[in-house]
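So the structure is just underneath, and the comments pick up after that.
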Amino acid sequence: MTTPTSPPQSSRLKRTDSVGDDWVQFFATHDAPQNYKEKREKMHSFAEEHFKKQTKVVLITSGGTAVPMESRTVRFIDNFSSGTRGAASAEYFLSEGYAVIFLFRHKSLEPYMRHFSRHSFLDMLQIDSETDNSQIITVDQTKAPNMLELLKSYQTVKTSKRLLSVEYVFLQEYLYLLRAAAEALHFAGSKAMFYLAAAVSDFYIPGQDMPEHKIQSSDGPPQISLCKVPKMLAPLVRHWATKAFVTSFKLETDKDLLLKKARQALIKFNHQVVIANILEDRRRQVTIVTQDKHFTISLTEEELSHEADIEEHIVKKLTEQHAQFITENGNGST
Ligand code: PMT
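Following our numbering, the numbering of the sequence shown begins with 404 at its first residue and continues without gaps.
The following block contains the structure:
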């Protein structure tokens, strides 16, 4: 169990409401998931290795979290997230020289591989030679125009061991692994960035209230009562990663609420950036909100026609802000 140790960082904005310790209760009443120790150790070694090399490290969370309805889970509550934001952003952070811990939902999109999610991989291949002894498969580059560049980038990242992918499925796993990642990155101080793009459930069924076995349809429709998931941004900023540069996301469906909610989150959690997006146009427009300003990034019609990634612009802005943050706060390792 992590116990609170340090006070919140100073803020230009005044905090308006208190943030509770409900997260302590969550970890006290839910066991660590399977393979947790192994994943935690991997993240620690990865962070340590890059800390020694003075490489900046970003933790990217990506994809939805499943909320189980039974302990021996057959059914779960899920959400829309595909992991595009996280996977695309990971590629751009890697190309900026960062090391990336990619905490992602099993079967959601992954960096580099995401480019093949909408096309059949087999349709990109052709057999060049039909002789029995030397059949060679090649890539038809008209069907995969950026394959060569992609492969080069992927191999560079692999050789430099700058990408660690860690999977989760369920909310509980995600929360445990988020805390473990934050603890692993603690020593990186201001050189660590958190980029919390996962769509984390706000509601769940606590372990003690969940039936063990599959809910029987013969018993009629279940009456399910959900509890609020503690906002983990609170302990992340206040206790686990006090010196890091933290970017969270705010997703809304109502445009009139978006900016207000993003600013509220900054005031409440006192971190560095909120990226605000609307469900339907999240691929083409986001608003970056910081403690003292906000600005919108929109893809142009031309960029849209070339299927450009808005994440390239987001990551460029954030890496600039992170560099400035490091200058202002010192290397900040603890
Ligand atoms: O994956 P894609 O299909 O590409 O979509 C990308 C995205 C829309 C999922 C992404 O851009 C995004 O907005 N992610 C955050 C969605 C979300 O959970 O928003 P929220 O308003 O519910 O949460 C705000 C922040 O609080 C999030 O950064 C989240 O990490 C954090 N949170 C949420 C719940 C919780 N219990 N604890 C948290 O700390």
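Ideal Cβ positions, reconstructed from N, Cα and C, are used throughout, including at glycine. In this text, all values refer to a predicted model and were calculated from it rather than measured experimentally.
Contact check, residue i vs residue j, beta carbons under 9 angstroms
| i | j | result |
| --- | --- | --- |
| A595 | V460 | yes |
| F672 | A647 | no |
| I463 | A493 | yes |
| T587 | E451 | The amino acid at residue 587 is misidentified as Thr; the sequence shows Ala. Cβ atoms of A587 and E451: closer than 9 angstroms. |
| V560 | M550 | no |
| I678 | T703 | no |
| L553 | Y515 | yes |
| V692 | A726 | no |
| D612 | S593 | no |
| V632 | L707 | no |
| I618 | P625 | yes |
| Y571 | F507 | yes |
| S523 | S485 | no |
| H663 | W426 | What sits at residue 663 in the sequence shown is Lys, not His. The answer is no: Cβ separation not under 9 angstroms. |
| R680 | L721 | According to the sequence as given, residue 680 is Asn; it is not Arg. Not a contact, by the Cβ cut-off of 9 angstroms. |
| V569 | K442 | yes |
| Y738 | I717 | Residue coverage of the chain in this structure runs from 404 to 737, which leaves residue 738 outside it and unanswerable. |
| F728 | Q675 | yes |
| T458 | G489 | no |
| Q575 | H433 | yes |
| E705 | S474 | no |
| M527 | K555 | no |
| V503 | R565 | yes |
| P436 | F597 | no |
| F483 | L661 | no |
Extent of the continuous alpha helix (DSSP H) run through residue i
| i | result |
| --- | --- |
| R478 | Note, R478: premise wrong, no alpha helix (DSSP H); not H, not E. |
| A726 | I713 to N732 |
| I691 | Where I691 is concerned, there is no enclosing alpha helix (DSSP H), although the beta strand (DSSP E) it sits in stretches over Q688 to T693. |
| A668 | K658 to F672 |
| S708 | E704 to S708 |
Continuous beta strand (DSSP E) stretch holding residue i: start and end
| i | result |
| --- | --- |
| K653 | F648 to E655 |
| I618 | I618 -> no beta strand (DSSP E), and no H or E assigned at all. |
| M596 | A595 to L599 |
| L462 | V460 to S465 |
| A431 | No beta strand (DSSP E) contains A431, which is instead part of the alpha helix (DSSP H) from D425 to T432. |
| T541 | I540 to V542 |
| Q558 | Premise fails: Q558 lies in the alpha helix (DSSP H), M550 to T562, not in any beta strand (DSSP E). |
| A679 | V676 to I681 |
Chain D within 9 angstroms of residue i, Cβ atoms only
| i | result |
| --- | --- |
| M527 | In summary, chain D is missing from the structure at hand, where a single protein chain is found. |
Three-state class that DSSP yields for residue i in the structure shown
| i | result |
| --- | --- |
| E452 | helix |
| E570 | strand |
| R415 | Reliability fails at R415, whose pLDDT of 32 lies under 50, so the model's placement of it is uncertain and no value is given. |
| F590 | helix |
| R488 | helix |
| L506 | strand |
| T699 | strand |
| T483 | It is worth fixing the name first, because residue 483 is Phe in this sequence and not Thr. Of the three classes helix, strand and coil, the one that applies to F483 here is coil, per DSSP. |
| L629 | coil |
| P638 | helix |
| L528 | strand |
| Y501 | coil |
| Y607 | strand |
| A493 | helix |
| A547 | coil |
| Q575 | helix |
| A585 | helix |
Three-pair Cβ contact test at 8 angstroms for the segment 671 to 688 versus the segment 703 to 717: Enough Cβ pairs lie closer than 8 angstroms, so yes.
Segment contact flag, the segment 468 to 486 with the segment 592 to 610, C-beta cutoff 8 angstroms, min 3 pairs: In the pairwise beta carbon analysis, the segment 468 to 486 is classified as touching the segment 592 to 610: at least three pairs are separated by under 8 angstroms.
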